[in-house]
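**Q** My structure is below; once you've seen it, I'll send some questions.
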Amino acid sequence: MALTSLSLPLADAPDHPEPVLQDESPLSVARRLAGHFALSAAERDARGGTPKAERDALRASGLLALSIPAAQGGLGANWATTLDVVRILARADSSLAHVFGFHHLMLATVRLFGAPAQWQALFEQTSRHRWFWGNALNPLDERTLGHARSSWLEFSGQKSFCSGALDSEMLIVSARHAQTRAFLVAAVPTQRSGISIADDWNNFGQRQTDSGSVTFERVRVEHQEILSNPGPLSSPFACLRPLIAQLILTNIYLGIGEAAFEDARHYTLNEARPWPASNVARTDADPYILSQYGEFWLGLEAARALADRAAAGLDRAWSRGVRLDATERGELALAIAGAKVSAAQTGLDICTRMFDVAGARSTHGELRLDRHWRNLRTHTLHDPLAYKIREMGEWALKRTFPEPSFYS
1214 MALTSLSLPL ADAPDHPEPV LQDESPLSVA RRLAGHFALS AAERDARGGT PKAERDALRA
1274 SGLLALSIPA AQGGLGANWA TTLDVVRILA RADSSLAHVF GFHHLMLATV RLFGAPAQWQ
1334 ALFEQTSRHR WFWGNALNPL DERTLGHARS SWLEFSGQKS FCSGALDSEM LIVSARHAQT
1394 RAFLVAAVPT QRSGISIADD WNNFGQRQTD SGSVTFERVR VEHQEILSNP GPLSSPFACL
1454 RPLIAQLILT NIYLGIGEAA FEDARHYTLN EARPWPASNV ARTDADPYIL SQYGEFWLGL
1514 EAARALADRA AAGLDRAWSR GVRLDATERG ELALAIAGAK VSAAQTGLDI CTRMFDVAGA
1574 RSTHGELRLD RHWRNLRTHT LHDPLAYKIR EMGEWALKRT FPEPSFYS
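Counting from 1214, one number per residue, gives the positions in the sequence shown under this note's numbering.
So, in structure tokens, the structure goes:
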């Protein structure tokens, strides 16, 4: 079955539009959406808050069903295509790429941790109703406890860094079992009684990811909503979840770096003036500027190659299913770690030095070109690169694979 997309106009789309099958690839739809999102990205970065119209455009596009198999009403895309869409969106607006990528990460969580009856039903509902999934898992925040009741569990507590929770229909949530201390992961409706989502995300980057806090006040969670068969990180295949998260971030970082490169290039060619001591008539003839662009390009080419190689590896691992073994998983973890470090380091370098080659005019406040650095800096702090490099060092010296966790 060829990949197609269900797409509608960006404006005035109904909440649950009737599907309109068009001969348009997911990448083409993503590029069209990205062009639209880019027009308001700087202004929305200044405003912060929920990008409601843009999230609704993603709903209407059909791309929320991109990674869902055709058997459950989705588009049946592989991970390479899904990650390409994340990267395309990140070039225009990394906040929207973030919530879109995490939506597909939440779907992968249901698939990897849940039983077939759970994920198949949830995939079908997501495809039919164009649900947006949000994140309230955050394994480092253990303030939420699950208390056993007669025939259900009661979640109470709070989670931070809950990307995409606002304006979502479904949430992946986690808690520590109050009695057994087991780590519980569940899929629940966002509007369930007792769930409160705060509009309290006000960081200097990724300002429209709605990555604030979620509070649970005696929330009833049914046993059939707990993803316990096979459960969190219970097998090499289930341990693909953190690797998918890492590769989504890699493509967000790469998209940010590519956007910063293109913005710098535009201002170098159209606005920057040659420095008097350069003895050249045009900025694009300055040897120091040309040298920096060569370094930028080389870094991006390397990061792209590593990211694409890792995406191909993820698809191979995904196709293995429960047959995936620890060695195959470990090799993929190393490939993704290398891609992530490369994308982050290259992106931070370009986002910092772009003003050296674009010139003083590029610092005009309304352009908000500093958002590239702010977005990338905000995101890369949540999973320190030094520990990724150490993992690769453990392999390089001692041939030890990264220990599976929610971050490796």
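Heads up, the beta-carbon is just placed ideally off N, CA and C, and yes, glycines get one too.
At the level of alpha carbons, what is the spacing between residue 1567 and residue 1333?
**A** The straight-line gap from Cα to Cα measures roughly 46 Å.
**Q** Is the region 1313 to 1329 in contact with the region 1435 to 1446, if contact means three or more CB pairs nearer than 8 Å?
**A** Because the criterion of three Cβ pairs below 8 Å is met, the region 1313 to 1329 and the region 1435 to 1446 touch.
**Q** Need the endpoints of the alpha helix (DSSP H) that residue 1389 sits in, please.
**A** No alpha helix (DSSP H) contains residue 1389, which is instead part of the beta strand (DSSP E) from 1383 to 1390.
**Q** For residue 1565, report the span of its alpha helix (DSSP H) as first-last.
**A** That run of the alpha helix (DSSP H) goes 1539 to 1571.
**Q** Pair every Cβ in the region 1547 to 1558 with every Cβ in the region 1458 to 1467, then say whether three or more of these pairs are closer than 8 Å.
**A** Yes: the two stretches touch, three or more of their Cβ pairs being nearer than 8 Å.
**Q** For residue 1530 and residue 1545, which I take to be in contact (beta-carbon distance under 8 Å), what is that distance rounded to the nearest angstrom?
**A** Sure, about 5 Å apart at Cβ, within 8 Å.
**Q** So the candidates are 1282, 1485, 1360, 1294; which of them puts its Cα closest to the Cα of residue 1577?
**A** Among 1282, 1485, 1360, 1294, the Cα nearest to that of residue 1577 is on 1485.
**Q** So does the region 1392 to 1412 actually touch the region 1358 to 1375, counting three or more Cβ pairs closer than 8 Å?
**A** Output reads yes: the region 1358 to 1375 touches the region 1392 to 1412.
**Q** Only counting the same chain, and skipping five residues up and downstream in sequence, which positions put a Cβ closer than 8 Å to that of residue 1263?
**A** Within the same chain, residue 1263 has close Cβ partners 1379, 1380, 1412, 1421, 1423.
**Q** Among residues of its own chain, excluding the 5 on either side of residue 1551, which ones have a beta-carbon nearer than 7 Å to its beta-carbon?
**A** Counting only Cβ-Cβ distances below 7 Å, and skipping sequence neighbours, we find 1519, 1605.
**Q** So the candidates are 1601, 1574, 1502; which of them puts its Cα closest to the Cα of residue 1617?
**A** Selected option, being the one with the closest Cα: 1601.
**Q** In chain order, what residues of the same chain have a beta carbon less than 6 Å from the beta carbon of residue 1607, not counting five sequence neighbours either side?
**A** Excluding residues within five positions, the ones whose Cβ falls inside 6 Å are 1613.
**Q** Spatial neighbours of residue 1522 within its chain, please: C-beta separation below 8 Å, excluding the five flanking residues on both sides.
**A** Once the five neighbours on either side are set aside, the close Cβ partners of residue 1522 are 1548, 1552.
**Q** What whole-angstrom Cβ distance do residue 1321 and residue 1528 have, given they're in contact under 8 Å?
**A** Rounded, the Cβ-Cβ distance is 13 Å, inconsistent with contact.
**Q** Output the distance between the C-alpha atoms of residue 1253 and residue 1513, rounded to the nearest integer angstrom.
**A** Rounded to the nearest angstrom, the two C-alpha atoms are 25 Å apart.
**Q** Starting from the C-beta of residue 1426, find all residues in its chain whose C-beta is less than 7 Å away, skip the five residues before and the five after it, and write them out in chain order.
**A** Counting only Cβ-Cβ distances below 7 Å, and skipping sequence neighbours, we find 1371, 1372, 1373, 1375, 1411, 1413.
**Q** By the three-class DSSP mapping on this structure, what secondary structure does residue 1368 have?
**A** Strand.
**Q** With 16 as the cutoff for other CB atoms within 10 Å, does residue 1246 come out buried or exposed?
**A** Classification for residue 1246: buried.
**Q** Among 1287, 1352, 1419, which one has its Cα closest to the Cα of residue 1337?
**A** Nearest of 1287, 1352, 1419 to residue 1337, Cα basis: 1287.
**Q** Looking at the structure shown, is residue 1346 part of a helix, part of a strand, or coil, going by DSSP?
**A** If DSSP states are grouped into helix, strand and coil, residue 1346 belongs with the strands.
**Q** Straight-line CA distance for residue 1360 to residue 1314?
**A** Those two C-alpha atoms are separated by around 31 Å.
**Q** For residue 1481, verify whether its CB is less than 7 Å away from any heavy atom of the ligand NAD.
**A** As far as ligands go, the structure on display features none, and thus does not contain the ligand NAD.
**Q** According to DSSP, is residue 1234 part of a helix, a strand, or is it coil?
**A** Reliability fails at residue 1234, whose pLDDT of 36 lies under 50, so the model's placement of it is uncertain and the value that follows must be treated cautiously. Strand.
**Q** By Cβ distance below 8 Å, which residues in the same chain neighbour residue 1261 in space, the five residues on each side in sequence not counted?
**A** Around residue 1261: 1414, 1415, 1420, 1421.
**Q** Within its chain, find whatever has a CB closer than 6 Å to the CB of residue 1165; leave out the 5 residues flanking it on each side and keep chain order.
**A** There is simply no residue 1165 to check, as the chain begins at 1214 and stops at 1621 in what is shown.
**Q** Report the partner residues of residue 1435 according to the DSSP bridge assignment.
**A** Its beta-bridge partners are 1365.
**Q** Do the CB positions of residue 1239 and residue 1298 come within less than 8 Å of each other?
**A** It is a contact, given that the beta carbons lie within the stated cut-off.
**Q** Ordered along the chain, which non-local residues of its own chain (more than five positions away) have a Cβ less than 7 Å from that of residue 1619?
**A** Hits under 7 Å: 1352, 1455.
**Q** If you draw a straight line from the alpha carbon of residue 1452 to that of residue 1340, how long is it in whole angstroms?
**A** Distance between the alpha carbons of residue 1452 and residue 1340 is about 25 Å.
**Q** State yes or no: is the C-beta of residue 1385 within less than 8 Å of the C-beta of residue 1335?
**A** Against a cut-off of 8 Å, the Cβ pair of residue 1335 and residue 1385 comes out as no contact.
**Q** In whole angstroms, what is the alpha-carbon distance linking residue 1277 and residue 1242?
**A** Whole-angstrom Cα-Cα distance: 12 Å.
**Q** Between the alpha carbons of residue 1468 and residue 1508, how many angstroms are there, rounded?
**A** Taking the straight line joining both Cα atoms gives about 17 Å.
**Q** What ranges does the beta strand (DSSP E) occupy inside the region 1388 to 1474, keeping only unbroken runs of at least 3 residues that lie completely in it?
**A** Counting only runs of 3 or more, we get 1396 to 1402, 1408 to 1410, 1427 to 1435.
**Q** In three-state terms, what does DSSP make of residue 1595?
**A** Here residue 1595 sits in coil by DSSP.
**Q** In the DSSP output, what is residue 1358 paired with across the bridge?
**A** In DSSP, residue 1358 forms a bridge with 1369, 1389.
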